[in-house]
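Here's the structure, in structure tokens; my notes come after.
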Amino acid sequence: MSEADRKLSVFVNFPSPYTQSLIISALTSTLPALSLTFEPPTEDDVPDLQWADYDLLCLDTIQRHPDSQLISSYVYRKTLIRKHMLHAAVQEYLAKQRHRGYQANLLERAIPRGWVIDIQFADELDELMIDDLYDLREDLLANDEVQDLSRRKWFVLKPGMSDKGNGIRMFSTEDDLTAIFESFEPESDEEDENDDDDTLERLSTELNEDEIRRMKKLALKDFPDDEGSLDTRQAEDSDEEEAEGTGVQTSQLRHFVIQEYVPRPLLIDPLESMRPDASALIGHKFHLRAYVMMTGTYQLYLARTMLALFSDQPFALPSQNLNLDGTDLRAHLTNTCLQQNNESGPPEHLVKLFWELEGQNILSSDDSKVHQLIDRPWLDTIFGRSGEVIAETVKAAAECGSFGLQLMPNSFEIFGVDLLLSFEPCDAETTPIITLLEFNASPDFTQSGDRLRSELADAFQGVIKLVIAPFFEIKRFADQDDNEAEQPVALRVGEEKFGWRKIGEQETRGTW
7 MSEADRKLSV FVNFPSPYTQ SLIISALTST LPALSLTFEP PTEDDVPDLQ WADYDLLCLD
67 TIQRHPDSQL ISSYVYRKTL IRKHMLHAAV QEYLAKQRHR GYQANLLERA IPRGWVIDIQ
127 FADELDELMI DDLYDLREDL LANDEVQDLS RRKWFVLKPG MSDKGNGIRM FSTEDDLTAI
187 FESFEPESDE EDENDDDDTL ERLSTELNED EIRRMKKLAL KDFPDDEGSL DTRQAEDSDE
247 EEAEGTGVQT SQLRHFVIQE YVPRPLLIDP LESMRPDASA LIGHKFHLRA YVMMTGTYQL
307 YLARTMLALF SDQPFALPSQ NLNLDGTDLR AHLTNTCLQQ NNESGPPEHL VKLFWELEGQ
367 NILSSDDSKV HQLIDRPWLD TIFGRSGEVI AETVKAAAEC GSFGLQLMPN SFEIFGVDLL
427 LSFEPCDAET TPIITLLEFN ASPDFTQSGD RLRSELADAF QGVIKLVIAP FFEIKRFADQ
487 DDNEAEQPVA LRVGEEKFGW RKIGEQETRG TW
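Rendered as structure tokens:
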């Protein structure tokens, strides 16, 4: 059978209609011959390409067919997407770099100073403060002597395995941190059960059958034995989140990261075009959402479709108790799910293309005065440096967290990587510090809305042309004639094609 006659069998299934429709459109408009299915495959009938939500992928045959079956996720990638594991891997990598004689590494400034802790109950903090957190305790004691709360050194507590801003809190004293963990404790002893079967039985009254099946699958496929169990997923998957705001239960998460709060964030007024003049600008905090594609073992790409996601609240320096009510954090946490959203997602002015920031004013977080005007060279510099930070982070995870990042030649995955821009105090430089906040699996593309839909459509077509077509040796796309066959793509680091810039590559030992 010739290439033109062969149909590529493809399974596509995402819970988000927005994402589902984008991928189907990209596939049908790019590849010449397809056989699409939306039903989860069985081991006896696995399609050539599985581009679907992780929980729906059939992983049983992937290792046996490394040259003929392609899936849209790595089986094990917890080192990247679990905050505590990523932080630990980066710190180990930096220690190794210093031991090797490399005194300067860009991750020294790109990853906030922090600590990883394993805690179930608030009364365990006393021992941790004496041992693992002794230097944090020194900073917290020093804060007790500072009456002006805005001048204190603040810290952020993040559950290692939650998303959508759940469980994230800010604190500046030991009493604040204790109060946070006390608020996370369950109301009754029944919720402290550690046995998996008891946990499932308890959850069965709250979750439907599909959700329970999903949790069982996650426990088997994406969690090593030492991570204990299904109860680690309850805070992410239970409907209780909606009723309890952004609260979590410590006994069900255990792993936390404490990081120093990044002061002096770069601010922009998302409604600048509507202000009468520069004196009326109101600074809002924002973060960059970078879409990063990892393929095989591995090559790394950064999409030109990068977003700036804004808080809907004007920025203010931390100056009050922000611990127990997550809504108080909206000026500091720029997650779109925490903002005042419409039915279709966040308001358009809170979600911008990174490149749309050209011509806007950067405001100082210290006095809200205009710092500088954003021009195209500035954007190009930030985009390039963002790629360097992301590539070095993935290198650290692959080298020092390989147990939780097992690379496969027939996998690719798109991550949503969050980055924050900030300035050093009294910094006269025009280029800000880039801080990597986290990697997100299955990023929420819906937040881009209808206005940016075409930008994402181009990015997905780029995925097909860069990864999927070469894997299956497809050389002609649907919009090409027979004499316009596409030549194999072999980009060098720093080169761009199809809306993606190659930012890293490495052949890693221990791949599947």
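Numbering (the numbering used here), first residue to last: 7 to 518. Cβ coordinates follow ideal geometry from the N, Cα and C atoms, glycine included.
For residue 337, which of helix, strand or coil comes out of DSSP? As a working mapping, residue 337 is identified with position 331 in the sequence shown. Residue state, collapsed to three classes: coil.
State yes or no: is the C-beta of residue 376 nearer than 7 Å to some heavy atom of the ligand ATP? Absent from the structure shown: the ligand ATP. Ligands present: none.
Looking only at its own chain, which residues have a Cβ that is under 7 Å from the Cβ of residue 143, when we skip the five neighbours before and after it? On the sequence shown, position 137 is the one that residue 143 refers to. The answer, listed in chain order, is 135 and 180.
Mind checking residue 437: buried by the 16 CB within 10 Å criterion, or exposed? The residue you call residue 437 lines up with position 431 of the sequence shown. Exposed is the call here.
Is the number of C-beta pairs between the segment 278-293 and the segment 469-487 that are closer than 8 Å three or more? no
Are the segment 37-44 and the segment 388-406 touching by the rule of at least three beta carbon pairs closer than 8 Å? no
Which of the three DSSP states is assigned to residue 211 in this structure? Taking the sequence shown and counting its residues from 1, one reaches residue 211 at position 205. Because the pLDDT at residue 211 is just 48, under 50, the model does not fix this residue reliably, and the value given afterwards should be weighed accordingly. The answer is coil: DSSP assigns residue 211 none of H, G, I, E or B.
Residue 157, buried or exposed, once every other Cβ within 10 Å from all chains shown has been counted against 16: Position 151 of the sequence shown, counted from the start, is the residue given in the question as residue 157. Classification of residue 157: exposed, given that the 10 Å Cβ count is below 16.
For residue 353, tell me which candidate among 378, 317, 368 and 335 has the shortest Cα-Cα distance. Here the question's residue 353 lines up with position 347 in the sequence shown. Checking every option, the nearest Cα to that of residue 353 belongs to 317.
Straight-line Cα distance separating residue 49 from residue 267: Here residue 267 refers to the residue found at position 261 of the sequence shown. Here residue 49 refers to the residue found at position 43 of the sequence shown. Using only the alpha carbons, I get a separation of about 47 Å.
Where do the N-terminal and C-terminal ends of the alpha helix (DSSP H) with residue 573 fall, by residue? An answer regarding residue 573 cannot be provided, because it is not within the stretch 7 to 518 covered by the chain.
Quick one: is residue 83 buried, meaning 16 or more other Cβ sit within 10 Å of its Cβ, or exposed? Here residue 83 is taken as the residue at index 77 of the sequence shown, counted from 1. Buried is the call here.
Quick check on DSSP: helix, strand or coil for residue 429? Taking the first residue of the sequence shown as 1, we reach residue 429 at position 423. Coil, per DSSP.
Could you pull the start and end residues of the alpha helix (DSSP H) that residue 122 belongs to? The sequence position of residue 122 within the sequence shown is 116, counting from 1. Taken as a continuous stretch (DSSP letters only), residue 122 belongs to no alpha helix (DSSP H), being part of the beta strand (DSSP E) at 120-124.
Among 415, 450 and 59, which has the Cα closest to the Cα of residue 75? The sequence position of residue 75 within the sequence shown is 69, counting from 1. Selected option, being the one with the closest Cα: 415.
To the nearest angstrom, how far is it from the Cα of residue 325 to the Cα of residue 44? Locating residue 325 in the sequence shown gives position 319, where the first residue counts as 1. Locating residue 44 in the sequence shown gives position 38, where the first residue counts as 1. When rounded, the distance between both Cα atoms is 51 Å.
Across which residues does DSSP place residue 83 in a beta bridge pair? Numbered from its first residue, the sequence shown carries residue 83 at position 77. Partner(s): 411.
Mark residue 419 as exposed unless 16 or more other C-beta atoms lie within 10 angstroms of its C-beta, in which case mark it buried. By 1-based counting over the sequence shown, the position of residue 419 is 413. Per the 10 Å Cβ criterion, buried.
Compute the Euclidean distance between the alpha carbons of residue 285 and residue 369, then round it to the nearest angstrom. Here the question's residue 285 lines up with position 279 in the sequence shown. Here the question's residue 369 lines up with position 363 in the sequence shown. Approximately 11 Å between the Cα atoms of the pair.
Please list the terminal residues of the continuous alpha helix (DSSP H) segment that includes residue 149. As a position in the sequence shown, residue 149 is number 143, starting the count at 1. Counting along the chain, the alpha helix (DSSP H) containing residue 149 begins and ends at 140-150.
Residue 467 to residue 151, Cα distance in whole Å? The residue labelled residue 467 in the question sits at position 461 within the sequence shown. The residue labelled residue 151 in the question sits at position 145 within the sequence shown. Straight-line Cα distance between these residues: approximately 56 Å.
Secondary structure at residue 88, three-state DSSP: helix, strand or coil? The residue labelled residue 88 in the question sits at position 82 within the sequence shown. DSSP places residue 88 in coil when its eight states are reduced to three.
For the beta strand (DSSP E) containing residue 468, list its first residue and its last residue. The residue given as residue 468 occupies position 462 in the sequence shown. First-last for residue 468: 459-469, but that is the alpha helix (DSSP H), not the beta strand (DSSP E).
So residue 26 is in the alpha helix (DSSP H); what residue range does that whole segment cover? Position 20 of the sequence shown, counted from the start, is the residue given in the question as residue 26. From DSSP, the alpha helix (DSSP H) with residue 26 extends over 23-36.
DSSP three-state assignment for residue 224, whether helix, strand or coil: Locating residue 224 in the sequence shown gives position 218, where the first residue counts as 1. Unreliable placement is indicated for residue 224, whose pLDDT of 47 sits below 50; the coordinate value is still reported in the next sentence. Three-state result, residue 224: helix.
Quick one: grab the DSSP three-state call for residue 249. Taking the first residue of the sequence shown as position 1, residue 249 is located at position 243. Caution is warranted here: a pLDDT of 40 is assigned to residue 249, below 50, making its placement in the model unreliable, and the coordinate value is therefore given only provisionally. Note: residue 249 maps to helix in three-state DSSP.
For residue 376, count neighbouring Cβ atoms within 10 angstroms of its own Cβ and tell me buried if that reaches 16, exposed if not. Counting from 1 along the sequence shown, the entry for residue 376 is found at position 370. By the neighbour-count rule (16 or more Cβ atoms within 10 Å), residue 376 is not buried but exposed.
How do the segment 448-462 and the segment 377-393 stand: do at least 3 beta-carbon pairs fall below 8 Å, yes or no? no
Starting from residue 507, trace the beta strand (DSSP E) in both directions and tell me its first and last residue. Counting from one through the sequence shown, the residue named residue 507 turns up at place 501. Element bounds for residue 507: 506-511.
Residue range of the beta strand (DSSP E) that includes residue 176: In the sequence shown, the residue the question calls residue 176 occupies position 170. Run containing residue 176: 175-177, per the beta strand (DSSP E) assignment.
Identify the continuous alpha helix (DSSP H) that holds residue 136 and give its terminal residues. One-based indexing of the sequence shown puts residue 136 at position 130. Residue 136 -> alpha helix (DSSP H) spans 131-136.
Starting from residue 6, follow the beta strand (DSSP E) in both directions and report where the run begins and ends. The structure shown does not extend to residue 6, since the chain is modelled only from 7 through 518, so no value can be given for it.
At least three beta-carbon pairs within less than 8 Å, the segment 308-323 to the segment 271-281: yes
If I measure Cβ to Cβ from residue 470 and keep anything under 7 Å in the same chain, skipping five residues before and after, which residues do I get? To locate residue 470, count along the sequence shown from 1; it is residue 464. Cβ neighbours of residue 470 beyond the five flanking positions: 32, 33, 36 and 37.
Identify the residues that DSSP records as bridge partners of residue 419: which are they? If you number the sequence shown from 1, residue 419 lands on position 413. For residue 419, which the question treats as bridged, DSSP gives the partners 300.
Using 8 Å as the cut-off, can you tell me whether the segment 123-131 makes contact with the segment 185-194, which would need three or more C-beta pairs spanning the two stretches below that distance? yes
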